[in-house]
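So the protein lines, in turn, are chains A and B.
For the first sequence, my numbering gives the first residue as 1, with consecutive numbering after it.
For the second sequence, my numbering gives the first residue as 392, with consecutive numbering after it.
Protein chains: 2
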Amino acid sequence: MTTNTTPLLLLSASEQELRMSKLRKAMERAGADGLLIHSYVNIYYITGRVFTGYVYIPLSGSPLYFVKRPVSLAHADATAIRKPEQIELPDRPSTLALELDTISYSDAQRLSAVFPYAKIVNGSPYLAEARAVKTPLEVELIAASGVKQERVYRRIPNLYHEGITDIELQIEIERLSRLEGCLGVFRTAGDTMELFMANVLAGENADTPTPYDFAMGGGGLDTSIPVGADGTVIRAGEAVMVDANGNYTGYMTDMTRTFAPRPLKPLAQRAHDCSIAICRKAEEMGKPGVEASTIYHMAEEMAREADLYNYFMGHRQKAGFVGHGLGIEINELPVIAPRSKYILQEGNVIALEPKFVIPEVGAVGIENTYVVTADGLKCLTNAPEQIVIFE
Amino acid sequence: MTTNTTPLLLLSASEQELRMSKLRKAMERAGADGLLIHSYVNIYYITGRVFTGYVYIPLSGSPLYFVKRPVSLAHADATAIRKPEQIELPDRPSTLALELDTISYSDAQRLSAVFPYAKIVNGSPYLAEARAVKTPLEVELIAASGVKQERVYRRIPNLYHEGITDIELQIEIERLSRLEGCLGVFRTAGDTMELFMANVLAGENADTPTPYDFAMGGGGLDTSIPVGADGTVIRAGEAVMVDANGNYTGYMTDMTRTFAPRPLKPLAQRAHDCSIAICRKAEEMGKPGVEASTIYHMAEEMAREADLYNYFMGHRQKAGFVGHGLGIEINELPVIAPRSKYILQEGNVIALEPKFVIPEVGAVGIENTYVVTADGLKCLTNAPEQIVIFE
C-alpha cells in the first residue's frame, strides 16, 4: 500500500464550505441527517477531484472520505475501502440521503443494507437543485471554457474546403478543440444522452429524428450511434450548424454557430435573425425571480410572430425545450421548457439554443451559455453570431 | 405524429432469433417469464439500432417494442409511448426480469410499479453472460473494427516528431482514427470508467494511479478527468504506450502497442518480450472449456519466472486482471482475473493486455483482441507487436 501526502481536498476550505452549505440546505429539504455521495460528478463537486469511492456529509461537521481507487489517496485524510460494507458512519444518521437517481438499483440495495439503522431517502433532486446555483469559482471555470471555445469557433472557417463532408469538418473541429485544451470527455445526467465533442449538422440531416434528448437531430454514421453528421458533402445553399460542448476546465460551455458555403435563402436568414433576437430578449428578461417557463414562452411567441413556428426547435421532431442548465454535466437544472416551475436565481448557468430547421437548408440559429446576474443574462460564449460564410 | 415505413428491426430475423434464444436461456436461469430491456446497449443488441424506449421479450413469441424517441419509429411495428406507465404486456408475466444493474434505483421503482402483478428479478447478470458469447455476425463486426484499427496503428509513427507531447500525439491518433471511421463514442458497463478514444502514456506517467478500472494509469490533464496523457514531452529512453478503443462498427476492439523514440533499456525490452510471450501462450491455451483464471495465473507465473512480477500490471497500483471481454461495451464478460469462475466458450471475445510498468521508462507490452475458437485464440488486431521505434 502506497502512502504519501497528496491532499485529498483540492478545493479551498472556504469553497468547499460554500458548496457544503448548499448541500446541507438540500439535505434539510430531503429531511436527511446525512448524505452519502458516490457519483464522480458529485465527488468532483465537493472535493475538486474524481475518485472511486464515497463522500459522507453529515448535517454538521467535516465530510468523511472513503476511497477505493486510486489507492494513493487513502491516507490520513481518507479511509481506504475495497467494498461499501467497510463504510462506517460514526454519527449513525437516522435518515440517510443517497443519489437514488444515479445509483443502479442493485448498488442501491447493497449500499442501503450497510446502514440498517437508517431510513434511506432520495437526495438526487435536491443535489441537482443545489448545483444549479453556481459559486463564483464555478462561474469562473465555465467562463474560462467559454474563452477557449470562442477561440475554436473563430478558426472554424479555416477548416472548410469545397467538397468537405460534415464528418470531416467535425473531425477537424474536434482536433482544434483538443489542441486548445478540450478534455475530450463530456458528462451527462441520466441515460438518454451520448455525446460527441461537437455535432456538425449540414443541410436537412439536421431534421433526422434521433433517440436522444438533443435539440437537433442527425442520422449519424452508424445505427449504433444514430445522431449527428452522416458523411454527406457540404453543399452551397445549405446551412452548417456546429454545436459543440466546451469542456476545457471540468466545467462546460455549450455553444452553437451557423456557417454556410454561400448566403442562405431569405427564410433561413430570417430564422437565424429571429434566433439572435430571441437571445437578445432573453438576456434582458433573464433576471433572478423570473420563471424559466416565461423564457420558453417568449421564444415560442417570437417564433410564432415571425411566422416561423413550423421550423422552431425542429421540424419533423421538435425538442420540448429551448435551453438547459449546465456545468459539470451538459444537462443540469434548470430546463427552459413550457412546464418548468423553476424560478431563475443569480448564479444559474444556462445554455439557450433557439434553433430552426428550414426545409432544403438545414438548421440555423445560435446557442450561447449565460450566467444569470442581477442585470440579466451575461454571455460566456462571445463569438460573432451572424451566419459565417465559408471562404 | 410522423408515420413512415422504416422497419424498426435492423437485424435479420434469423440473427435476432439467435440472440433471443440466448436471452431466453438467460431468462430461464433468472426464473423469469418475461424480460424488459431499457438500456441502449441491450436495445442495440436485440434490434441492431438504438432508440429510447423498451423492448419486451416474452419466453415465447415475438418481442414488443415501445418507443419514446425517435417518434419516426413508432409505427406499425412499435407502440409509441411518452412514459413507462403506458407499457402494456399482454401476457402479464408472473416474474419479470429487468436490467437492475443498469437502471437507476428511482427508475426501477417507477418501472416496477407499472407491473404490480409481476415479481421483479434481476436480469442483468444473465444478459451479460448471454452477450459474452458472440454470434458469428458479432465476431465479423469486431473483426472489421480490428482491420480499421490495425490501419491506424501502422500509421502512428508518421505522427511523431521530436518535441511532441503525449497529448498532442494522442490528438493526432484520435483524428486519424476518426478519419478511418471510428465512431467517437465508447460504451462501458457500470460507473467506474470514463473513456477517451485513445490513451497515450509516455514515460512514468503510466504509473500514476487513477480512480478508474483501467490496466494502466496516467495523471491526465485536469483533476476532473484524472487519467491518461498529462501533457509532457515524449523523451528518448521512455516508452510510449498507445492503448486505443476501436469502435468502427458499433462493436469494439481494444488494442495496445508500444512505441519509443529510441531503443529502450534491456529490462524494458525484456518485459515487452515477456508480454508478447504471454500472448503467444494464451493463444494456445485459450480454448473452450478452459477456466479464465488459468490464463491469468499463466500470465502472472510467466512474469514471476522472468523476474518481472514487480512491474506486472502496474507498479505503484496494480490492476487485478490481465484481460476482459468486450463487444458493444469495452468491459464485458469474461474478466481474465485470478478469482474468475468463468469457463471459456467458443465465441467469447476477449482483450488480453499483459503490461509492465518499468521505472524511468514507462509502460511496455501489447494488447490484442481475440475470439475464442476450437483451436485457441484467434487474433483480430494484427499489427506488428515489437516496440516500434519512431523515425
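Yeah, the Cβ is synthetic: ideal placement off N, Cα and C, and Gly gets one too.
Just so we're clear, the structure is a prediction, and the values are computed from it rather than from any experiment.
Reference residue 320/A, options 93/A, 328/A, 270/A, 214/A, closest by Cα: 214/A
Residue ranges of each beta strand (DSSP E) within the stretch 19-48 of chain A, 3 or longer: 34-37
Where residue 52/A falls, given that 16 or more other Cβ within 10 Å makes a residue buried: buried
Inter-residue spacing [alpha-carbon to alpha-carbon] between residue 465/B and residue 661/B: 59 angstroms
Chain-ordered chain D contacts of residue 583/B [CB-CB under 7 angstroms]: The chain inventory of the structure shown lacks chain D, comprising the protein chains A and B.
CB contact check: residue 470/B to chain A, cutoff 8 angstroms: no
Closer than 7 angstroms at the beta carbon, the chain A residues around residue 494/B: 104, 105
Reference residue 725/B; option with closest CA among 748/B, 706/B, 681/B: 681/B
Proximity test, Cβ basis, 8 angstroms: residue 211/A and chain B: yes
Euclidean distance between Cα positions of residue 426/B and residue 409/B: 16 angstroms
Endpoints, alpha helix (DSSP H) assigned at residue 281/A: 266-285
Buried versus exposed, by CB contacts within 10 Å (16 or more), residue 638/B: buried
Under 8 angstroms from the C-beta of residue 250/A: neighbouring residues of chain B: 613, 614, 615, 616
Beta-carbon spacing of residue 631/B, residue 576/B below 8 angstroms: no
For residue 591/B: DSSP bridge partner residues: 633/B
Contact set between residue 71/A and chain B, taken where Cβ atoms lie within less than 7 angstroms: 600, 708
C-beta neighbour in chain A for residue 513/B, strict 8 angstroms: yes
DSSP bridge partner residues for residue 83/A (one or two, in chain order): Bridge partners of residue 83/A: none, in fact.
Three CB pairs or more closer than 8 angstroms across the stretch 335-352 of chain A and the stretch 365-376 of chain A: yes
CB contact check: residue 392/B to chain A, cutoff 8 angstroms: For residue 392/B, the pLDDT reaches just 37, beneath the cut-off of 50, and the residue's location in the model is therefore unreliable, leaving the point undetermined.
Which residues DSSP lists as bridging residue 648/B, in chain order: 633/B
Proximal chain A residues relative to residue 435/B, where beta-carbon distance stays under 7 angstroms: 224
Chain B contact for residue 362/A (CB, 8 angstroms cutoff): no
Sequence-distant residues of its chain with Cβ nearer than 6 angstroms to residue 713/B (five each side left out): 687, 690, 727, 745
Reference residue 540/B; option with closest CA among 550/B, 672/B, 677/B, 571/B: 571/B
Through-space distance from residue 670/B to residue 704/B, alpha-carbon basis: 14 angstroms
Amino acids of chain A, ordered along the chain, whose beta-carbon sits closer than 9 angstroms to that of residue 439/B: 223, 224
Rounded C-alpha distance that separates residue 172/A from residue 589/B: 17 angstroms
Residues that DSSP places opposite residue 142/A in a beta bridge: Per DSSP, none; premise fails for residue 142/A.
3-residue-minimum beta strand (DSSP E) runs that sit fully inside the stretch 291-375 of chain A, ordered along the chain: 323-325, 332-336, 349-352, 355-358, 362-365, 368-373
Neighbourhood of residue 667/B by C-beta distance below 7 angstroms, restricted to the same chain and skipping five residues each side: 757, 776
Cβ shell of residue 773/B (< 6 angstroms), same chain only, five flanking positions each side left out: 541
Reference residue 223/A, options 512/B, 484/B, 456/B, 719/B, closest by Cα: 719/B
Whether residue 708/B touches residue 70/A by CB criterion (8 angstroms): yes
Proximal chain B residues relative to residue 30/A, where beta-carbon distance stays under 7 angstroms: None at all; the shortest Cβ gap to chain B is about 13 angstroms.
Cβ-based neighbour list, residue 438/B, same chain, cut-off 7 angstroms, excluding 5 preceding and 5 following: 399, 400, 401, 402, 446
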